[in-house]
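Everything on this sheet refers to the single structure shown next.
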């Protein structure tokens, strides 16, 4: 280390103070007696000593940072080891996929083989004598090996705490609706607890009941799962205690006022099994839900009926709803039908509100101080902590970072008949956003009854949730089928007087029944991390036998409350049985047993599988069996005749569709999924599953690979990567737009030049990609800018005149117009990678083809562009194109706290949202899974 001479500068003085303050935090981890190595497992992904399994999870494995780490990062830009060492390889694929070969995959991915070679061991921790945690030099991933089941799971919890202790603490508080007292009252923190708690408002007794039911009601596997979970929690708590006593705990606890930096006074609260249920409710609600938008859908239907009349308005609404669009891209594309959530011919029990009567149920009450504001009173004289002051002033997560409308995950699998090796090839992974540290955590777990490597959501990582076993790999995408319904409960007053909209009683099977009030009272004060001024509020949710109240309205003049009933409510952790099976090599031995394991997962996911012989698919979820005649797309009366079959409100249980009725397939030529429709007649839970979907970007490419044959890991990865930098509008819709525009000569020089730029971009692949690595300038930059500016303008000009303002806005409330990477106004917010999931792509496609006279299956109820006249449609497109061309880059990309106005590349760029004190540089936009596997098994047990 260089000796500093002379008087230190203010910057260095602060750095020195930080080093003194945090010296104790660098103490070595305690070691225990070494465990005996368990019997080695056979890794069937090895071919001639080389692994054919690879994975990647940016930015890096290490998600914990001591106070010293944080202060030095803020002062000098340093980062803890393994916190950012996967980011560069992940980023490089955006520009490097063109020359990709199987041999070069490790330039962009980790070796995902089992174990760690002796010359690659970085550290070995033995928190108990029956488990070891070995970390490799390249990535620092924990390889957990236990000789007992308890020790194995204890090690998994211990490793999770080593890598994600602060993040796990955040998420148990988000799930409980009390983030602001823990992390500060920033507006974004208020928004997070207000977003998640109403969907899963539980008492501590509710949490415990879920644990008890799994332990005692799910047989031996349930009892084992809860024993595993307890061992996992014990491991977390062991590290929690050791790191606190040894002063190497995450520094965010100091900055948020939980621990004193000098005296070490304070506490990191112990973890419990109920915390795992809380975390599971956040994860499941974010990634595994579906349905629940029936009130918003009803408002759009009412707007259509008010404009066109009941019959025609319903027909128009159905044409935009696209429940079972014949042109939609499907995962199961062999014609197999799996009817579910279909529209009945004669709907009954539908509960549409009176026009203008709907109001959202208030959640926040009794605000004081800074509640609902952004008022700040920064802590004075933070001393050596000054470099980290205000790191959470905008919240631990930016607004929109965990929006439930985010589209997640993709999968590409090709069966062995079409690969070069004769074995299936898979490239798949979950698209869970970009956070630092990541929500997911890589780990390998080897112990009695468990053998897997992959990722788990931190805090519920008793088992690998997506990854690989000894001779198979699996992954998931969010499915989003309808497992949430909306009921209209009639309000009442005990004694029979006339109720108002604020009534807190409702009719349940003929009896006037009180609603249950659930509350959270949260208060906060300024800390070094978050200077939000003192404030408080009360969160309130009303719970009924039909779920929690979301809206109130009148129907035929009578007051009702609309409630949201989710099949997985009260069953947040039941899926643990399925994950246990997926990790058990004695259970998963082939595609059929994999599908049975996936069936035990209650959340709505698409599950994919590959071994050396077979590729397979299964759609999981607690799909309720609805009463005959009930339309699942709209609210329904809360009466016994319209309840789920076999509904037990106390246990929130019902009859569910059996295994055979879930979309599933084995050995199809190929599979793709990008949150698109699953199969024929398997109806969607929301708008937007039409003729153009981002799944088409994958389907077209993989279908071409299959036609050509000889698919390899590299060629399938190239297909994924190319789709990941392609603008859906440019590839799928620009040809039709230009056909309309060029139906007559374009004589205006400015417009003619714009058309040529757009054509050139489309011919080159319609990509949003740097000219050269590191240039931060897109090829065809003007065409990209024009497309970004033109799209919202052209959609409005195409549809608003025909639909009218009210219906247009009502439909847009159900499906956003745009979700380009730069569309920070969209449901994902900016810089979040995932793009082109939610938008009017399919509507525009069908409408333009109708104008052009092309065949359209499942057309819109009318032709809207130009009133159906080609010349008028052309005029509308040219008018908006002229407006788009004139719009400068500074308006198209207005800038934010991370980007200057007009910076196109930065506006798209992926930025890891810091959950703690360590930040990371922006990377190229890629529409790609956050965690990704590339696998090809050459052998089987």
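In the working numbering, the protein residues as written are 309 to 1249.
Glycine included, C-beta positions come from ideal geometry on N, C-alpha and C.
Quick caveat, the model's predicted, so the values are computed rather than measured.
### Task
Can you say whether residue 661 is buried or exposed, counting buried as having 16 or more other CB atoms within 10 angstroms of its CB?
Within the chain shown, residue 661 is the residue found at index 353, counting from 1. Its Cβ being crowded by 16 or more others within 10 Å, residue 661 is buried.
### Task
Measure the C-alpha to C-alpha separation of residue 393 and residue 387 and round it to an integer number of angstroms.
Residue mapping note: residue 393 aligns to position 85 of the chain shown, counting from 1. Residue mapping note: residue 387 aligns to position 79 of the chain shown, counting from 1. Distance between the alpha carbons of residue 393 and residue 387 is about 10 Å.
### Task
Determine, using beta carbons only, whether residue 1239 and residue 364 come nearer to each other than 9 Å.
On the chain shown, residue 1239 is found 931 positions in, with the first residue counted as 1. On the chain shown, residue 364 is found 56 positions in, with the first residue counted as 1. Result yes, Cβ atoms of residue 1239 and residue 364 sit closer than 9 Å.
### Query
Where do the N-terminal and C-terminal ends of the alpha helix (DSSP H) with residue 1103 fall, by residue?
Numbered from 1 along the chain shown, position 795 holds the residue referred to as residue 1103. Start and end: 1089–1111.
#### Entry: Residue from 492, 505, 757 with nearest C-alpha to residue 705
Within the chain shown, the letter at position 397 stands for residue 705. It is 492 whose Cα lies nearest to the Cα of residue 705.
### Task
Please report the residue range of the alpha helix (DSSP H) in which residue 1069 lies.
The residue given as residue 1069 occupies position 761 in the chain shown. 1057–1071 is the span of the alpha helix (DSSP H), which, as asked, contains residue 1069.
### Query
If residue 619 sits next to residue 1115, beta carbons under 8 Å apart, how far is it from one beta carbon to the other, in whole angstroms?
For the purposes of this step, residue 619 is taken as residue 311 along the chain shown, with counting starting at 1. For the purposes of this step, residue 1115 is taken as residue 807 along the chain shown, with counting starting at 1. Actually they are not in contact, since the Cβ atoms of residue 619 and residue 1115 sit about 16 Å apart, beyond 8 Å.
### Message
Quick check: the Cα distance between residue 328 and residue 564, rounded to an integer number of angstroms?
### Response
Within the chain shown, residue 328 is the residue found at index 20, counting from 1. Within the chain shown, residue 564 is the residue found at index 256, counting from 1. Reliability of the predicted coordinates at residue 328 is poor, the pLDDT of 39 falling under 50, and no value is obtained from them.
### Task
Would you tell me roughly how many angstroms separate the C-alpha atoms of residue 753 and residue 926, rounded to the nearest one?
As a first step, residue 753 must be located in the chain shown, where it is residue number 445. As a first step, residue 926 must be located in the chain shown, where it is residue number 618. Roughly 24 Å separates the two Cα atoms.
### Task
Less than 8 Å between the CB atoms is what I'm expecting for residue 862 and residue 602, so what's the real figure, rounded?
Taking the first residue of the chain shown as 1, we reach residue 862 at position 554. Taking the first residue of the chain shown as 1, we reach residue 602 at position 294. So it is not a contact: roughly 17 Å between Cβ atoms.
### Task
On a CA-only basis, which of 835, 655, 820, 1051 is nearest residue 560? Give me that one, please.
Here residue 560 refers to the residue found at position 252 when the chain shown is read from its first residue. When each option's Cα is compared against that of residue 560, the closest is 835.
### Message
I believe residue 1259 touches residue 1145 by the beta-carbon criterion, under 8 Å. Please report the beta-carbon distance rounded to the nearest angstrom.
### Response
Outside the displayed range of the chain (309 to 1249) lies residue 1259, so it cannot be described from this structure.
### Query
Based on the DSSP secondary-structure assignment, which residues constitute the bridge partners of residue 719?
Working through the chain shown from its first residue, we reach residue 719 at position 411. Residue 719 pairs with 736, 981.
### Message
What does the Cβ neighbour count give for residue 967, buried or exposed, with the cut at 16 atoms within 10 Å?
### Response
As a working note, residue 967 is residue 659 in the chain shown. Exposed.
#### Entry: Rounded straight-line distance, which links the Cα of residue 1100 to that of residue 1014
On the chain shown, residue 1014 is found 706 positions in, with the first residue counted as 1. On the chain shown, residue 1100 is found 792 positions in, with the first residue counted as 1. Rounded to whole angstroms, residue 1014 to residue 1100 spans 36 Å at the Cα level.
#### Entry: 6 Å Cβ shell around residue 1028 - same chain, five flanking residues per side excluded
Residue numbering aside, residue 1028 sits at position 720 when the chain shown is read from its first letter. Hits under 6 Å: 720, 735.
### Contact set for residue 516: own chain, Cβ-Cβ below 7 Å, skip 5 residues either direction
Within the chain shown, numbered from 1, the residue matching residue 516 stands at position 208. Cβ neighbours of residue 516 beyond the five flanking positions: 582.
### Message
Three Cβ pairs or more, each shorter than 8 Å: is that satisfied between the segment 569–576 and the segment 880–895?
### Response
no
### Query
Just how far apart, CA to CA, sit residue 572 and residue 1030?
Looking up residue 572 in the chain shown gives position 264. Looking up residue 1030 in the chain shown gives position 722. Each residue's Cα considered, the two are about 51 Å apart.
### Query
Under the three-state reduction of DSSP, which class applies to residue 755: helix, strand or coil?
Within the chain shown, residue 755 is the residue found at index 447, counting from 1. Note: residue 755 maps to strand in three-state DSSP.
### Distance between beta carbons of residue 669 and residue 859, contact taken as under 8 Å
Residue 859 sits at position 551 when you count from the first residue of the chain shown. Residue 669 sits at position 361 when you count from the first residue of the chain shown. With 8 Å as the limit, residue 859 and residue 669 qualify as a contact, their Cβ atoms being about 6 Å apart.
### Task
Could you spell out the range, first to last residue, of the alpha helix (DSSP H) harbouring residue 476?
Taking the chain shown and counting its residues from 1, the one referred to as residue 476 is at position 168. Here the alpha helix (DSSP H) through residue 476 covers 457–484.
### Query
Just curious, the beta strand (DSSP E) that residue 356 is in, first and last residue?
For the purposes of this step, residue 356 is taken as residue 48 along the chain shown, with counting starting at 1. Neither: residue 356 is in no beta strand (DSSP E) and is coded neither H nor E.
### Query
Start and end of the alpha helix (DSSP H) containing residue 1207?
For the purposes of this step, residue 1207 is identified with residue 899 of the chain shown, where counting begins at 1. First-last for residue 1207: undefined, no H or E at that position.
### Task
Give a yes or no on whether the C-beta atoms belonging to residue 466 and residue 435 are separated by under 9 Å.
On the chain shown, position 158 is the one that residue 466 refers to. On the chain shown, position 127 is the one that residue 435 refers to. Result yes, Cβ atoms of residue 466 and residue 435 sit closer than 9 Å.
### Query
Using the rule of at least 16 other Cβ atoms within 10 Å of the residue's Cβ for burial, across every protein chain shown, is residue 385 buried or exposed?
Working through the chain shown from its first residue, we reach residue 385 at position 77. The residue in question, residue 385, is exposed, as its Cβ has fewer than 16 Cβ neighbours within 10 Å.
### Query
Around the C-beta of residue 777, are 16 or more other C-beta atoms found within 10 angstroms, so that it is buried, or is it exposed?
Sequence index remark: in the chain shown, residue 777 carries index 469 (1-based). Residue 777 comes out buried.
### Query
Alpha carbon to alpha carbon, how far is residue 846 from residue 488?
The sequence position of residue 846 within the chain shown is 538, counting from 1. The sequence position of residue 488 within the chain shown is 180, counting from 1. So the two alpha carbons sit approximately 12 Å from each other.
### Query
Where does residue 679 fall in DSSP's three states?
Working through the chain shown from its first residue, we reach residue 679 at position 371. Coil, per DSSP.
### Query
Could you give the C-beta distance for residue 1074 and residue 1042, rounded to a whole number, given that I count them as a contact under 8 Å?
As a position in the chain shown, residue 1074 is number 766, starting the count at 1. As a position in the chain shown, residue 1042 is number 734, starting the count at 1. About 7 Å; that satisfies the 8 Å criterion.
### Query
According to DSSP, is residue 1025 helix, strand or coil?
Stepping through the chain shown from its first residue, residue 1025 is reached at position 717. Three-state DSSP puts residue 1025 in a helix.
### Task
Mark residue 912 as exposed unless 16 or more other C-beta atoms lie within 10 angstroms of its C-beta, in which case mark it buried.
Residue numbering aside, residue 912 sits at position 604 when the chain shown is read from its first letter. Per the 10 Å Cβ criterion, buried.
#### Entry: Rounded C-alpha distance that separates residue 880 from residue 518
Counted from its first residue, the chain shown places residue 880 at position 572. Counted from its first residue, the chain shown places residue 518 at position 210. Roughly 8 Å separates the two Cα atoms.
#### Entry: Ranges of the alpha helix (DSSP H) found wholly within the segment 1163–1196, counting only runs of at least 4
1178–1194
### Candidates 420, 606, 482: closest to residue 775 by CA position
Your numbering for residue 775 matches position 467 in the chain shown. That would be 420, whose Cα lies nearest to the Cα of residue 775.
### Query
Between the C-alpha atoms of residue 426 and residue 750, what's the straight-line distance to the nearest angstrom?
Taking the first residue of the chain shown as 1, we reach residue 426 at position 118. Taking the first residue of the chain shown as 1, we reach residue 750 at position 442. Roughly 20 Å between the two C-alpha positions.
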